[in-house]
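Following: one structure in structure tokens, then a few remarks.
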Amino acid sequence: MNPLKSPANSDFKLPPYPYDRLEEIKHIAEEKFGEYVDLSVGTPVDPPPSFVPHLLATSGAERGYPASIGSLPFRKSAAGWMSERFDVEVDPTHIAATVGTKEFVASLPGYLHLLNPHRDVVLYPEVSYPTYKMGAVLSGLKHCAVPVAKNGELLFDQLPDWAVEGALLLWINYPSNPTGSTDGIEPAVKWAKEHGALLVSDECYVEFVWSGSANSVLQYASEGVLALHSLSKRSNLAGLRVGFYAGDPDIVHFISEVRKHAGFMVPGPVQLVAAEALSEYSHVEVQRRRYFERLEILQGAFSEAGFKLHLPQGGFYLWFEGGDLGFKDGFEVARYLAETAGVIVSPGEFYGDASSEYVRVAVVAPTDLVSLVASRLSAQGH
């Protein structure tokens, strides 16, 4: 008998991968325009720093197995970046490498449950990156979305008792994907401490804060807290898969030991590139200018087309609903935009049931294509 078809396994069904659900919408754009501009997935398209090809070709670090925790130069560079960027001092021994950050998000709940089997609930904002919830699902744990106010405040007092009592892990995202909100770090730190949950702040968009100064959760606490960082967005290195986590030394040590057994390793040449990228900021400034220009272009164009939206506090996404224009949900908005502007956007349902009326627009296409989309959108408003 095939064990995958046994009754014991029959209740578990993976949901469709969110972005696989966009094929129908892509066909709509292709039929009208012959092609489409994809602003659905937040994948970088701009050039990486100029030093990347040379370092990858000449490092010599590909010969041996890299340390799972990350090389000391990489971790020192990460510590130096956090010191300069956030004025927080983190010992390099309290930092460890990740193979990108999505795999860490998806696997962390199961590893933490080994450490604390009496807690089995993963919490995350009700409008957020879908992998926070999926990490709980893949680990066989319970999950509960924390209600979010219009201003981005997490409404912990609305959580059910079972979620509070069983809280193992609380995710926050700064700035928020998809909303761009930069609020809520300090209340989350306080709540997690009071209720004995590990707080992990996913800070992969922290270099793209537009309103006020950029912050890290490690400015508020280190015990019972982790900060998660990625080079995918800040340095256009999504294809190299490298990031790091830092914070509570006991948690960092435990997780890094588990990951060592599991064989998670960032390739040596990639770590060399990451160390250099974290110590060099001019390429980040260039990317900041690119994203903000595109945000302004599309915010203006969507406004001309009749949508109500504002520039985000942070991140490189526009987040808005179409109800005022008569659209019943985000999928309907996405179909309309594919047909009228040849652009693919993400329906808000991907980021939680509470956001089904919204769409998310990632300004990740080259500026000439963003401008093309903008011209088509602007024409809809006249």
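210 is the number that this note's numbering gives to position 134 of the sequence shown; each next residue is one higher, with no gaps.
Just so you know, even glycine gets a beta-carbon here, dropped at the ideal spot from N, CA and C.
Inter-residue Cα distance where the pair is residue i and residue j
i, j, result
"Gly-390", "Ser-257", "6 Å"
"Ser-451", "Ala-182", "39 Å"
"Leu-445", "Ile-261", "35 Å"
"Val-439", "Val-421", "10 Å"
"Glu-165", "Asn-291", "14 Å"
"Phe-31", "Phe-407", "Examination of residue 31 is not possible in this model, given that the chain is present from 77 through 458 alone."
"Ala-455", "Val-285", "31 Å"
"Gly-399", "Asp-405", "7 Å"
"Val-334", "Pro-125", "32 Å"
"Asp-87", "Gly-216", "12 Å"
"Leu-294", "Gly-323", "7 Å"
"Val-113", "Glu-415", "12 Å"
"His-189", "Gly-211", "12 Å"
"Lys-152", "His-194", "35 Å"
"Val-463", "Thr-177", "Residue 463 falls outside the range modelled here, since the chain spans only 77 to 458, and no answer is possible."
"Gly-382", "Gly-319", "39 Å"
"Gly-156", "Gly-376", "38 Å"
"Leu-413", "Leu-132", "40 Å"
"Val-419", "Ile-327", "43 Å"
"Glu-372", "Tyr-141", "45 Å"
"Leu-394", "Arg-139", "43 Å"
"Val-282", "Leu-385", "22 Å"
"Leu-115", "Leu-98", "11 Å"
"Val-128", "Ser-135", "11 Å"
"His-305", "Ser-311", "12 Å"
"Pro-149", "Ala-173", "12 Å"
"Tyr-208", "Trp-267", "18 Å"
"Leu-191", "Arg-366", "43 Å"
"Glu-361", "Leu-316", "21 Å"
"Glu-241", "Gly-272", "9 Å"
"His-359", "Pro-120", "14 Å"
"Ala-225", "Leu-348", "42 Å"
"Ala-239", "Tyr-296", "24 Å"
"Pro-91", "Val-213", "10 Å"
"Pro-94", "Tyr-205", "11 Å"
"His-458", "Gly-288", "Confidence at His-458 is low in this model, with a pLDDT of 45, below 50, so its placement is unreliable and the value that follows should be read with caution. Approximately 35 Å, taken between the alpha carbons."
"Glu-425", "Glu-433", "7 Å"
"Pro-423", "Asp-122", "24 Å"
"Gly-339", "Glu-107", "45 Å"
Residue range of the beta strand (DSSP E) that includes residue i
i, result
"Glu-397", "393-397"
"Trp-238", "Not the beta strand (DSSP E): Trp-238 falls in the alpha helix (DSSP H), residues 237-241."
"His-194", "No beta strand (DSSP E) contains His-194, which DSSP labels as neither H nor E."
"His-219", "218-222"
"Tyr-367", "Where Tyr-367 is concerned, there is no enclosing beta strand (DSSP E), although the alpha helix (DSSP H) it sits in stretches over 358-380."
"Ala-105", "Looking at the DSSP string, Ala-105 is not in any beta strand (DSSP E); the run it does join, the alpha helix (DSSP H), is 99-109."
"Val-437", "434-438"
First and last residue of the uninterrupted alpha helix (DSSP H) at residue i
i, result
"Lys-266", "261-271"
"Gly-323", "Here Gly-323 belongs to no alpha helix (DSSP H); instead the beta strand (DSSP E) covers 319-323."
"Val-409", "406-417"
"Val-346", "344-354"
Which of helix, strand or coil DSSP assigns to residue i
i, result
"His-458", "Because the pLDDT of His-458 is 45, which lies under 50, any placement of that residue in the model is unreliable, and the number read from its coordinates should be weighed accordingly. Reduced to three states, the DSSP call for His-458 is coil."
"Leu-445", "helix"
"Gly-390", "strand"
"Leu-231", "coil"
"Ala-137", "coil"
"Asp-87", "coil"
"Ser-422", "strand"
"Asp-429", "helix"
"Leu-132", "helix"
"Val-328", "helix"
"Asp-400", "helix"
"Val-213", "helix"
"Val-117", "coil"
"Leu-245", "strand"
"Lys-226", "coil"
"Tyr-250", "coil"
"Tyr-95", "helix"
Inter-residue CB distance, residue i and residue j (contact presumed, cutoff 8 Å)
i, j, result
"Val-276", "Leu-302", "5 Å"
"Ala-154", "Gly-344", "About 16 Å; that fails the 8 Å criterion."
"Val-222", "Pro-251", "With a Cβ gap of about 17 Å, Val-222 and Pro-251 do not count as contacting."
"Asp-196", "Lys-218", "5 Å"
"Val-435", "Ala-417", "At roughly 12 Å, the Cβ-Cβ gap does not stay under 8 Å, so Val-435 and Ala-417 are not in contact."
"Pro-263", "Leu-230", "6 Å"
"Thr-443", "Glu-369", "7 Å"
"Val-203", "Gly-428", "5 Å"
Residue i CB to nearest heavy atom of the ligand NAP below 7 Å
i, result
"Gly-216", "As for the ligand NAP, it is missing from this structure, which has no ligand bound."
Interface flag, residue i vs chain C, CB-CB below 8 Å
i, result
"Ala-264", "In the structure shown, chain C cannot be found, because there is only a single protein chain."
At what residue ranges does the stretch 274-321 contain a whole run of the alpha helix (DSSP H), taking only runs of 4 or more?
none
Considering only residues of the stretch 139-210, which uninterrupted beta strand (DSSP E) runs meet the minimum length of 3 residues and lie entirely inside it, listed in chain order?
171-174 and 197-201
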